[in-house]
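Colleague: Supplied in structure tokens, the structure appears directly below.
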């Protein structure tokens, strides 16, 4: 066989094999097909979090002068209200400009679906997509322990978050990393003596944080405390 | 460059690529953090839905490809030359898709993967040069 023909055979075989591998990976991750139904709020959450750094359960720059710790349960309705009403404003005005970093400390006392939801969000933490999953859970929050934290919802959330995929959210719930994160947030809530959700602790980054009394679940309930911490 | 020199170059590049792919495979299987200059990028890629194909780490597929190229570089037969070039080109096509995934879908870049991409691109050049420089059949 001529050298030219050998090269052509190699090109054909290589292009075919490489293309087949790429297509198989795209297909296996759902990249070639749309999820059956997108979760509520997918576009809004994606836009809110676009470009903001995430590290595990942290949202915002680690160099932010103020740190806000949120103790919350994915099933708690008041936490859902805060996530949907206050958080977008706090993210826009404080987190995106690099003034505040938010650390989520998950709790799961409302019922078994709290733990399932929290585990699903923590499974995305390794890919720094925790907040995308958490906020989509709040956007789609149902009645406590009514079966709303279904595999169908979790799959649609996983598929709706760019680069995540349903597999990670479903299969990752029992990983060693998730167990570690869950144990750490349990220990932090217990150590802080948190009794209800949502509870907030605020202060200068690196210094001792203090609990904040939040009189309302819109942004105005916490903005004065953030502004005061920023002036310190 | 003679075919002999090209064979040596291909072997060195393939071993280098196998080292990178092997490191990423071990890190993925043992859930060990990958040493990465820009924090988070490698971890994000390594834990993404695109890091496995049917349960097999994508890095392990790369490792198998590099080993195939290394073995083919030692034999002076047409099937070995074609196998090496085809494997390198398949790796480059797959790598191009993975670059698109990193930049356009995951929005995180793994420097180890990029280093592997450079190696596989060099291997495509070397393996096809080898075919063109090999002795014509009598």
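Chains as they are written, first to last, in this note's numbering: chain A, 1 to 232; chain B, 1 to 138.
Backbone N, C-alpha and C fix where the C-beta goes; we use that ideal spot for every residue, glycine too.
Roughly how many whole angstroms lie between the Cα atoms of residue 66 of chain B and residue 14 of chain B?
Modeller: Stepping through the second chain from its first residue, residue 66 of chain B is reached at position 66. Stepping through the second chain from its first residue, residue 14 of chain B is reached at position 14. C-alpha separation (whole angstroms): 5 Å.
Colleague: Straight-line CA distance for residue 99 of chain A to residue 203 of chain A?
Modeller: Position 99 of the first chain holds residue 99 of chain A. Position 203 of the first chain holds residue 203 of chain A. If you take the alpha carbons of residue 99 of chain A and residue 203 of chain A, they lie about 12 Å apart.
Colleague: Short check: CB of residue 38 of chain A to CB of residue 150 of chain A, under 8 Å?
Modeller: On the first chain, position 38 is the one that residue 38 of chain A refers to. On the first chain, position 150 is the one that residue 150 of chain A refers to. No.
Colleague: Rounded to the nearest angstrom, what separates residue 65 of chain A and residue 45 of chain B at their Cα positions?
Modeller: Working through the first chain from its first residue, we reach residue 65 of chain A at position 65. Working through the second chain from its first residue, we reach residue 45 of chain B at position 45. About 29 Å.
Colleague: Using a Cβ-Cβ cut-off of 8 Å, state whether residue 137 of chain A counts as contacting chain B.
Modeller: As a first step, residue 137 of chain A is located in the first chain; it is residue number 137 there, counting from the start. No - not a single Cβ of chain B is within 8 Å of the one on residue 137 of chain A.
Colleague: By the 10 Å Cβ neighbour count, where 16 or more other Cβ atoms means buried, how is residue 166 of chain A classified, buried or exposed?
Modeller: The residue you call residue 166 of chain A lines up with position 166 of the first chain. The residue in question, residue 166 of chain A, is buried, as its Cβ has 16 or more Cβ neighbours within 10 Å.
Colleague: When we look at the beta-carbon of residue 227 of chain A and count the other beta-carbons within 10 Å, is it buried (16 or more) or exposed?
Modeller: On the first chain, position 227 is the one that residue 227 of chain A refers to. Exposed, because fewer than 16 other Cβ atoms sit within 10 Å of the Cβ of residue 227 of chain A.
Colleague: CB residue 98 of chain B to CB residue 1 of chain B, shorter than 8 Å?
Modeller: Sequence index remark: in the second chain, residue 98 of chain B carries index 98 (1-based). Sequence index remark: in the second chain, residue 1 of chain B carries index 1 (1-based). For residue 98 of chain B and residue 1 of chain B, no; Cβs fall outside 8 Å.
Colleague: Expressed to the nearest angstrom, what Euclidean distance is found between the alpha-carbon atoms of residue 143 of chain A and residue 75 of chain A?
Modeller: Taking the first chain and counting its residues from 1, one reaches residue 143 of chain A at position 143. Taking the first chain and counting its residues from 1, one reaches residue 75 of chain A at position 75. Approximately 8 Å, taken between the alpha carbons.
Colleague: So, at 6 Å on beta carbons, what are the nonlocal neighbours of residue 36 of chain A in its own chain, with the 5 sequence-adjacent residues on each side left out?
Modeller: Translated into positions along the first chain, residue 36 of chain A becomes position 36. Legend: pLDDT at residue 36 of chain A = 43, less than 50; position of this residue unreliable, no value from coordinates given.
Colleague: So what's residue 16 of chain B in DSSP terms, helix, strand or just coil?
Modeller: In the second chain, the residue the question calls residue 16 of chain B occupies position 16. Helix, per DSSP.
Colleague: For residue 54 of chain B, return the contacting residues in chain A, with the cut-off set at a CB-CB distance below 8 Å.
Modeller: Numbered from its first residue, the second chain carries residue 54 of chain B at position 54. The answer, in chain order, is 24, 28.
Colleague: Residue 178 of chain A: buried (16+ other C-beta within 10 angstroms of its C-beta) or exposed?
Modeller: Numbered from 1 along the first chain, position 178 holds the residue referred to as residue 178 of chain A. With 16 or more other Cβ atoms within 10 Å, it is buried.
Colleague: With DSSP run on the structure shown, which of helix, strand or coil describes residue 35 of chain B?
Modeller: Within the second chain, the letter at position 35 stands for residue 35 of chain B. Reduced to three states, the DSSP call for residue 35 of chain B is coil.
Colleague: Can you find a CB in chain A that lies within less than 8 Å of the CB of residue 116 of chain B?
Modeller: On the second chain, position 116 is the one that residue 116 of chain B refers to. So no, residue 116 of chain B is outside the interface.
Colleague: To which residues does DSSP link residue 57 of chain A through a beta bridge?
Modeller: Locating residue 57 of chain A in the first chain gives position 57, counting from the first residue. Beta-bridge pairing links residue 57 of chain A to no other residue.
Colleague: For residue 74 of chain A and chain B, any beta-carbon pair shorter than 8 Å?
Modeller: Locating residue 74 of chain A in the first chain gives position 74, counting from the first residue. No, residue 74 of chain A lies away from the interface with chain B (no Cβ there is under 8 Å from its Cβ).
Colleague: Given that a residue counts as buried once 16 or more other Cβ atoms are within 10 Å of its Cβ, and exposed if not, what is residue 56 of chain B?
Modeller: By one-based count along the second chain, residue 56 of chain B stands at place 56. With fewer than 16 other Cβ atoms within 10 Å, it is exposed.
Colleague: Tell me which residues share the same chain as residue 88 of chain A and place their Cβ nearer than 7 Å to its Cβ, disregarding the 5 neighbours each side in the sequence.
Modeller: Along the first chain, one-based indexing puts residue 88 of chain A at 88. Once the five neighbours on either side are set aside, the close Cβ partners of residue 88 of chain A are 48.
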